[in-house]
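Take the sequence shown: its position 197, counting from 1, is numbered 197 in UniProt numbering, and each next residue is one higher. As structure tokens, the structure follows; a few thoughts come after it.
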Amino acid sequence: MGALSGKIRVPGDKSISHRSIMLGALAVGETKVTGLLEGEDVLSTAAAMRAMGATITRSDSGEWSIHGVGVGGLLQPQQALDMGNSGTSTRLLMGLVASHAITATFVGDASLSKRPMGRVIDPLSLMGAEFTPSPGGRLPLTMRGAFPAVPISYRLPVASAQVKSAVLLAGLNTPGITTVIEPIPTRDHSERMLKGFGAELEVEIEADGTRVIRLRGEAEFRPQTIVVPGDPSSAAFFVVAALIVPGSELIIENVGLNPTRAALFGVLRQMGGQIEELDRREVGGEPVADLRVRHSALKGIAVDPAVVPSMVDEFPVLFVAAALAEGRTVTTGLEELRVKESDRITVMRVALELAGARVTETEDGLIIDGTGGDPLAGTPEGAEVATHLDHRIAMSMAVAGLASRSGVAIDDTRPIATSFPVFESLLETASTAAA
Numbered sequence: 001m002g003a004l005s006g007k008i009r010v011p012g013d014k015s016i017s018h019r020s021i022m023l024g025a026l027a028v029g030e031t032k033v034t035g036l037l038e039g040e041d042v043l044s045t046a047a048a049m050r051a052m053g054a055t056i057t058r059s060d061s062g063e064w065s066i067h068g069v070g071v072g073g074l075l076q077p078q079q080a081l082d083m084g085n086s087g088t089s090t091r092l093l094m095g096l097v098a099s100h101a102i103t104a105t106f107v108g109d110a111s112l113s114k115r116p117m118g119r120v121i122d123p124l125s126l127m128g129a130e131f132t133p134s135p136g137g138r139l140p141l142t143m144r145g146a147f148p149a150v151p152i153s154y155r156l157p158v159a160s161a162q163v164k165s166a167v168l169l170a171g172l173n174t175p176g177i178t179t180v181i182e183p184i185p186t187r188d189h190s191e192r193m194l195k196g197f198g199a200e201l202e203v204e205i206e207a208d209g210t211r212v213i214r215l216r217g218e219a220e221f222r223p224q225t226i227v228v229p230g231d232p233s234s235a236a237f238f239v240v241a242a243l244i245v246p247g248s249e250l251i252i253e254n255v256g257l258n259p260t261r262a263a264l265f266g267v268l269r270q271m272g273g274q275i276e277e278l279d280r281r282e283v284g285g286e287p288v289a290d291l292r293v294r295h296s297a298l299k300g301i302a303v304d305p306a307v308v309p310s311m312v313d314e315f316p317v318l319f320v321a322a323a324l325a326e327g328r329t330v331t332t333g334l335e336e337l338r339v340k341e342s343d344r345i346t347v348m349r350v351a352l353e354l355a356g357a358r359v360t361e362t363e364d365g366l367i368i369d370g371t372g373g374d375p376l377a378g379t380p381e382g383a384e385v386a387t388h389l390d391h392r393i394a395m396s397m398a399v400a401g402l403a404s405r406s407g408v409a410i411d412d413t414r415p416i417a418t419s420f421p422v423f424e425s426l427l428e429t430a431s432t433a434a435a
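The structure is reproduced here in structure tokens:
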């Protein structure tokens, strides 16, 4: 494949897709959503909101229409709410139900039924909801909402956007002020979208970085028109590909640039990457822009470990950019990468070395001495990169293959389809446009 050019769009952001449906179901009137990520997890959320009274339909053109019931208007579901494999759907919907006078049973698949729900049950119980879970605080679980619920001030014992969101969603139909204290900031899609729909919400940042979020209950939601931004984690592969393949100039449309998610782009700019924001705008409370990315002479840097939480999933593809940069890139503070779908530190070291890169593994990161822009050799004949069924390893090494002499052979590309089924066809599209 040659240079990348033209315009592409990556799939919609999952976190924002879930919340678009939930919050649209609480507004009176019609919320319209385009770009929704139509994966099984998001469809579980839609089915649950239908079961509690919202009218949710999809047009042939892919636009979703949600006629909501109003805050406080959720209805008693007639059967158990099947969450499939979606932990996000389960925890956020438990928050919504907690302040309504309804009883709901949550069920899920075998994997979801192993996940403990205690960290959501604890704060929602303080608000007055009652729970009958399976042993260990797991699904199947029946809960009875409290009406009226009691506003609480809750300090998160662990950093969790899902627990924070569950408490705030419960606070929507609770009289008074519900407060969540967040010692370590997590992704803030809920706060932004709640404000976008009309909730009275304020965030105070204390001197030590602690975030104090206050929400006034009994909100009135206004319906919105939402274009779900493209997932920045998906855009990352194409940004790096355009930076390292000579002659590339690619526009990636409608990319979400929430600062709690998009630190990779800032790091790549520090390395000399030409990434330009076009038509920066706000959609549903979220910052969005089209990104114009040009082939660039990258330079190695020491990556500040403070950025890890807002780009933890993007390090595998950053390692690829570093392998093509001039000089040394040092990454630290990446212990969490060892417990992802694979040990992404060791797996990426082995993969990049096989493709011809110079890499040193440390306890909490990689040190990479780049080629200065020269292509990697590629995998030797008969050798294949072991992806360990990890979709991000497979996609990152596919990008490395674009900047190699003999290409990179990958043992299994099937995991890509689970998270980003159009990845390979989009790469093909961008490369064909340049031909």
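Built from N, CA and C at the ideal position, the CB exists for glycine as well. If you're wondering where the values come from, they're calculated on a predicted model, not measured in any experiment.
In the DSSP output, which residue or residues are listed as bridge partners for T331? DSSP lists no partner for T331.
With 16 other CB atoms within 10 Å as the buried threshold, where does E286 fall? E286 counts as buried, since no fewer than 16 other beta carbons sit within 10 angstroms of its beta carbon.
Counting along the chain, where does the beta strand (DSSP E) carrying A104 start and finish? T103 to V107 is the extent of the beta strand (DSSP E) around A104.
From the DSSP output, read off the bridge partner residues of D290. Paired residue(s): L278.
By how many angstroms is the C-alpha of V422 removed from the C-alpha of G382? 27 Å
For L376, name the three-state secondary structure that DSSP assigns. In the structure shown, L376 sits in a strand (DSSP, three-state: E or B).
Contiguous beta strand (DSSP E) assignments of at least 3 residues, all confined to the segment 202-270: 211-216, 225-227 and 249-256
What is the residue span of the beta strand (DSSP E) that H67 lies within? W64 to H67
Please confirm whether A430 and L250 have their CB atoms less than 8 Å apart. yes
Should F315 and L337 be called a contact, given that it needs their Cβ atoms to be closer than 8 Å? yes
From R115, A409 and S153, residue whose alpha carbon lies closest to that of residue 436: Residue 436 is absent from the structure shown; the chain starts at 1 and stops at 435.
Delimiting residues of the beta strand (DSSP E) encompassing E361: R358 to T362
Buried or exposed: where does E276 fall if 16 or more other Cβ atoms within 10 Å of its Cβ makes it buried? exposed
Would you mind giving the Cβ-Cβ distance between T55 and A80, rounded to the nearest angstrom? I have them listed as a contact below 8 Å. Wrong, their Cβ atoms sit about 21 Å apart, outside the cutoff.
Per DSSP, cross-strand counterpart(s) of G29: Beta-bridge annotation (DSSP): G29 is not paired with any residue.
Over what stretch of residues does the alpha helix (DSSP H) that includes S165 continue unbroken? A161 to G171
Per DSSP, which one or two residues make a beta bridge with I345? I345 is not bridged to any residue.
Could you tell me if L324 is buried or exposed, where buried requires 16 or more neighbouring beta carbons within 10 angstroms of its beta carbon? buried
Going by CA-CA distance only, name the one from R144, E384 and D343 that's closest to L93. The residue among R144, E384 and D343 with its C-alpha nearest the C-alpha of L93 is R144.
Pick out whichever of A235, A219 and E326 has its Cα sitting closest to the Cα of Q270. E326
For R144, which three-state DSSP category applies? strand
Proximity winner among G108, H100, T103 and L74, relative to G84 (alpha-carbon distances): G108
Which complete beta strand (DSSP E) runs does the segment 40-82 hold, if anything under 3 residues is left out? Taking only runs of at least 3 residues, the beta strand (DSSP E) segments lying wholly in the segment 40-82 are 55-58 and 64-67.
Distance check for R19 and M193, CA to CA, integer angstroms please. 8 Å
Quick check on the DSSP output: the alpha helix (DSSP H) that includes V120 runs from which residue to which? G118 to L126
Candidates T260, A236 and D188, of which the one nearest I8 by Cα: A236
Would you mind reading off the limits of the alpha helix (DSSP H) that contains K14? K14 to G24
Same chain only: Cβ atoms within 6 Å of T413, ignoring 5 sequence neighbours per side: A394
In its own chain, which residues sit with a C-beta less than 8 Å from the C-beta of E206, not counting the 5 before and 5 after it? V212
V317 - containing alpha helix (DSSP H), residue span: F315 to A323
Buried versus exposed, by CB contacts within 10 Å (16 or more), Q224: buried
Mapping DSSP to helix, strand and coil, what is V339? helix
How is the alpha helix (DSSP H) around E191 delimited, first residue to last? H189 to F197
Local Cβ density within 10 Å of P11, reported as buried at 16 or more and exposed below that: buried
Contact between the segment 248-262 and the segment 57-64 (3+ Cβ pairs under 8 Å): no
Can you give the Cα-Cα distance for A403 and K14, rounded to whole angstroms? 30 Å
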